[in-house]
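Asker: Handing you this structure, nothing more for now.
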Amino acid sequence: MENFRPESGPGPKRRGVRGARRLTLGMVATERLADDFGTVSEGGQVDPGRVLAAFKAAAPYLRFGPRVTQAIDWLFRFTQVQDWQEGARPIVWPSAAMQMEALCLSEAQVKRLNRLLAHLGLITMRDSPNGKRYGRRDPRGRIVEAYGFDLSPIAVRQAEFREIAERGRARFEALKQLRRRATIAVRGIQQIVETATELGIAEGWARQADEARRLVARIRRIEELDEVTLGVTTLENRQADLRGRLEAAIDTLKEAALGGVESTNMNPKGLTDEPHITYTNQTLDPADHVSALRKRSSTSGGAGTSAGGSTRTGRSGDGKEAGHRPTGSRAIKPEIPPDGTVFRMTPDELVRLAPRLRAYLAKSSPGWPEIVEAADWLRHDLGVSKPLWGDACLAMGREQAAVALAIVSTKPSDHFRGSPGGYFHGMVARARAGELNLARSIWGIRAASGMPRPPRSHACDASRSI
Numbered sequence: 008m009e010n011f012r013p014e015s016g017p018g019p020k021r022r023g024v025r026g027a028r029r030l031t032l033g034m035v036a037t038e039r040l041a042d043d044f045g046t047v048s049e050g051g052q053v054d055p056g057r058v059l060a061a062f063k064a065a066a067p068y069l070r071f072g073p074r075v076t077q078a079i080d081w082l083f084r085f086t087q088v089q090d091w092q093e094g095a096r097p098i099v100w101p102s103a104a105m106q107m108e109a110l111c112l113s114e115a116q117v118k119r120l121n122r123l124l125a126h127l128g129l130i131t132m133r134d135s136p137n138g139k140r141y142g143r144r145d146p147r148g149r150i151v152e153a154y155g156f157d158l159s160p161i162a163v164r165q166a167e168f169r170e171i172a173e174r175g176r177a178r179f180e181a182l183k184q185l186r187r188r189a190t191i192a193v194r195g196i197q198q199i200v201e202t203a204t205e206l207g208i209a210e211g212w213a214r215q216a217d218e219a220r221r222l223v224a225r226i227r228r229i230e231e232l233d234e235v236t237l238g239v240t241t242l243e244n245r246q247a248d249l250r251g252r253l254e255a256a257i258d259t260l261k262e263a264a265l266g267g268v269e270s271t272n273m274n275p276k277g278l279t280d281e282p283h284i285t286y287t288n289q290t291l292d293p294a295d296h297v298s299a300l301r302k303r304s305s306t307s308g309g310a311g312t313s314a315g316g317s318t319r320t321g322r323s324g325d326g327k328e329a330g331h332r333p334t335g336s337r338a339i340k341p342e343i344p345p346d347g348t349v350f351r352m353t354p355d356e357l358v359r360l361a362p363r364l365r366a367y368l369a370k371s372s373p374g375w376p377e378i379v380e381a382a383d384w385l386r387h388d389l390g391v392s393k394p395l396w397g398d399a400c401l402a403m404g405r406e407q408a409a410v411a412l413a414i415v416s417t418k419p420s421d422h423f424r425g426s427p428g429g430y431f432h433g434m435v436a437r438a439r440a441g442e443l444n445l446a447r448s449i450w451g452i453r454a455a456s457g458m459p460r461p462p463r464s465h466a467c468d469a470s471r472s473i
């Protein structure tokens, strides 16, 4: 009795008739669905191409595997247009051998696949008395008799497939947008943490960035829309909270910096992710404009504006070479004299005086545009932030800002009470107040390097007004 196996040995057959198949509840429901084909085709003709397209569009969202889609696509190859007209039934009867060869399946696999298609509500089987598949058509190609695969359930479900496909596409787009928002949020958190690190206030903030990255990794694996929405909302709220904390910390540092230029660490690195913007179309304050005209008139020996109203022309080098600018919070960008010098100094001489610029130059004989670009790279080494560099370009002009930065690069580290960035911040503040004398600093560097002082000229005298 211990070795008794009910399924072994002869016994009663499970099928009363050879070829009859055992039905499941799903297969019975599919047969009832196929009976509604007459209602669908009533009054016209069903387009088999659109039926198949609707099924294929919905298949991914119904989680139908590729084998199911391939099998239905293959069965549709045997149907004809007249099979979908009113009063007909779209039945196809390819042999099992053809199906095995076309789908690269074994006989057992084909049987399981056919039952699965019926269970999923896609086809129903029309069995002949002898269990074989066959059919015949009349001279007009209409089916007279057929036993095989009835494709009616797919036609009946065409509207359902379209709705599923539309909902699936909408859900996919929603998930795509949510995941994009998650990526933006985690990058924003990373930028905030990096900025806080440069400000020296990032203690404990690195953990926030790590947690955000782990949460994004989980969001990318989740398919439930509600869960993804919750995760993205959490990320965005965390980003907003960290940004508020960072802005509050920056305001605190700015308030502390108002007490002095070099006595307090001005945090020269600042917000490294903000764009570098040099303003060239600033509207001048009237008081600044009057002050500029007075200084220009005194420097040029009384040469005021011309009849045409031009205030920036006059004798060559009048205040331009020395970087002359009006006082106040806004400035006019100085122009380079016709001889191509700034403070009677060529770009090559500036590189010799400030050799740290050379590492960032693309060519051996640079012009002032290359000098400005190299200074923009050099500022990283000196701890000068992009906003501070932009303020310097606005206050002095790009070329003179590059000269000022080069002067800072020549100073030894023990020269600064705070940092090179704080020292440069002080130079910018003095430039705004009209108290910066870069020409004197350049003469001092020339003297320290043993280079001869250039001959005195009207331009040199004009530079003393800085």
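Add 7 to a position in the sequence shown, counting from 1, and you land on the number used in our numbering. Note that the Cβ used here is the ideal one computed from N, Cα and C, for glycine as well.
Which stretch, first to last residue, makes up the alpha helix (DSSP H) that contains residue 191?
Answerer: Working through the sequence shown from its first residue, we reach residue 191 at position 184. 165 to 206 is the span of the alpha helix (DSSP H), which, as asked, contains residue 191.
Asker: For residue 356, tell me which candidate among 373, 369, 70 and 191 has the shortest Cα-Cα distance.
Answerer: On the sequence shown, position 349 is the one that residue 356 refers to. Among 373, 369, 70 and 191, the Cα nearest to that of residue 356 belongs to 373.
Asker: Under 8 Å between the Cβ atoms of residue 158 and residue 86?
Answerer: Locating residue 158 in the sequence shown gives position 151, where the first residue counts as 1. Locating residue 86 in the sequence shown gives position 79, where the first residue counts as 1. Yes, these two residues count as a Cβ contact at 8 Å.
Asker: CA-CA distance, residue 322 and residue 351?
Answerer: The sequence position of residue 322 within the sequence shown is 315, counting from 1. The sequence position of residue 351 within the sequence shown is 344, counting from 1. Confidence at residue 322 is low in this model, with a pLDDT of 34, below 50, so its placement is unreliable and the value that follows should be read with caution. If you take the alpha carbons of residue 322 and residue 351, they lie about 15 Å apart.
Asker: With respect to the alpha helix (DSSP H) encompassing residue 65, which residues constitute its N-terminal and C-terminal limits?
Answerer: Here residue 65 refers to the residue found at position 58 of the sequence shown. Residues 55 to 65.
Asker: If the criterion is Cβ atoms closer than 8 Å, does the pair residue 197 and residue 216 meet it?
Answerer: Position 190 of the sequence shown, counting from 1, holds the residue named residue 197. Position 209 of the sequence shown, counting from 1, holds the residue named residue 216. Contact flag set, yes.
Asker: Starting from residue 223, trace the alpha helix (DSSP H) in both directions and tell me its first and last residue.
Answerer: Taking the first residue of the sequence shown as position 1, residue 223 is located at position 216. Its alpha helix (DSSP H) spans residues 213 to 228.
Asker: Is residue 83 helix, strand or coil when you go by DSSP?
Answerer: As a working mapping, residue 83 is identified with position 76 in the sequence shown. Helix, per DSSP.
Asker: Does DSSP put residue 72 in a helix, in a strand, or in coil?
Answerer: Position 65 of the sequence shown, counted from the start, is the residue given in the question as residue 72. Residue 72 falls in the coil class under three-state DSSP.
Asker: Since residue 246 and residue 195 are thought to touch, with beta carbons under 8 Å apart, how far apart are those beta carbons, to the nearest angstrom?
Answerer: Start at 1 with the first residue of the sequence shown, and residue 246 comes out as number 239. Start at 1 with the first residue of the sequence shown, and residue 195 comes out as number 188. Right, their Cβ atoms sit about 5 Å apart.
Asker: Compute the beta-carbon to beta-carbon distance between residue 199 and residue 250, rounded to the nearest angstrom, for a pair I have assumed lies under 8 Å.
Answerer: Counted from its first residue, the sequence shown places residue 199 at position 192. Counted from its first residue, the sequence shown places residue 250 at position 243. Indeed, because the Cβ distance is near 6 Å, the residues count as touching under 8 Å.
Asker: Enumerate in chain order the residues of its own chain whose CB-to-CB distance from residue 193 is below 7 Å, with the five nearest sequence positions on each side excluded.
Answerer: By one-based count along the sequence shown, residue 193 stands at place 186. Only 219, 220, 223 and 242 meet the Cβ criterion.
Asker: Just mark residue 145 as buried or exposed, buried being the case when its beta carbon has 16 or more other beta carbons within 10 Å.
Answerer: On the sequence shown, residue 145 is found 138 positions in, with the first residue counted as 1. It is exposed - the Cβ of residue 145 has fewer than 16 other Cβ atoms within 10 Å.
Asker: Closest by CA to residue 107, which one among 126, 82, 131 and 98?
Answerer: Taking the first residue of the sequence shown as 1, we reach residue 107 at position 100. If we check each option's Cα against that of residue 107, 82 comes out closest.
Asker: Report all residues from its chain with a CB closer than 7 Å to the CB of residue 74; omit the five preceding and five following residues, and keep chain order.
Answerer: Within the sequence shown, residue 74 is the residue found at index 67, counting from 1. Same-chain partners within the cutoff: 120.
Asker: For residue 379 and residue 261, what's the separation of their Cα atoms in angstroms?
Answerer: Taking the first residue of the sequence shown as position 1, residue 379 is located at position 372. Taking the first residue of the sequence shown as position 1, residue 261 is located at position 254. When rounded, the distance between both Cα atoms is 27 Å.
Asker: Is residue 136 buried or exposed, if buried means 16 or more other CB atoms sit within 10 Å of its CB?
Answerer: Walking along the sequence shown from the start, residue 136 turns up at place 129. Exposed.
Asker: With a threshold of 8 Å, are at least 3 pairs of Cβ atoms found where one atom belongs to the segment 425 to 445 and the other to the segment 381 to 394?
Answerer: Yes: the two stretches touch, three or more of their Cβ pairs being nearer than 8 Å.
Asker: Drop a sphere of 10 angstroms on the beta-carbon of residue 80, count the other beta-carbons inside from all chains shown, and report buried for 16 or more, exposed for fewer.
Answerer: For the purposes of this step, residue 80 is taken as the residue at position 73 of the sequence shown. Label assigned to residue 80: exposed.
Asker: Leaving out five residues on either side along the sequence, give the residues of the same chain with a beta carbon under 7 Å from the beta carbon of residue 253.
Answerer: The sequence position of residue 253 within the sequence shown is 246, counting from 1. Excluding positions up to five away in sequence, the list reads 199, 202 and 203.
Asker: What are the boundary residues of the beta strand (DSSP E) that residue 133 is part of?
Answerer: Residue numbering aside, residue 133 sits at position 126 when the sequence shown is read from its first letter. That run of the beta strand (DSSP E) goes 131 to 133.
Asker: Where residue 147 and residue 111 are concerned, what is the direct C-alpha to C-alpha distance, given to the nearest angstrom?
Answerer: Counted from its first residue, the sequence shown places residue 147 at position 140. Counted from its first residue, the sequence shown places residue 111 at position 104. So the two alpha carbons sit approximately 34 Å from each other.
Asker: Inspect the beta-carbon positions of residue 155 and residue 100 and report whether they are closer than 8 Å.
Answerer: In the sequence shown, the residue the question calls residue 155 occupies position 148. In the sequence shown, the residue the question calls residue 100 occupies position 93. Yes.
Asker: Run through DSSP, which three-state label would residue 304 get?
Answerer: Your numbering for residue 304 matches position 297 in the sequence shown. Unreliable positioning characterises residue 304 in this predicted model, as indicated by a pLDDT of 40, which lies under 50. A coordinate reading is not provided.
Asker: Quick check: what's the CA-CA separation for residue 445 versus residue 456?
Answerer: Locating residue 445 in the sequence shown gives position 438, where the first residue counts as 1. Locating residue 456 in the sequence shown gives position 449, where the first residue counts as 1. Rounded to the nearest angstrom, the two C-alpha atoms are 17 Å apart.
Asker: Taking only the alpha-carbon atoms, compute the straight-line gap between residue 69 and residue 395 and give it to the nearest angstrom.
Answerer: Position 62 of the sequence shown holds residue 69. Position 388 of the sequence shown holds residue 395. Cα to Cα, residue 69 sits roughly 58 Å from residue 395.
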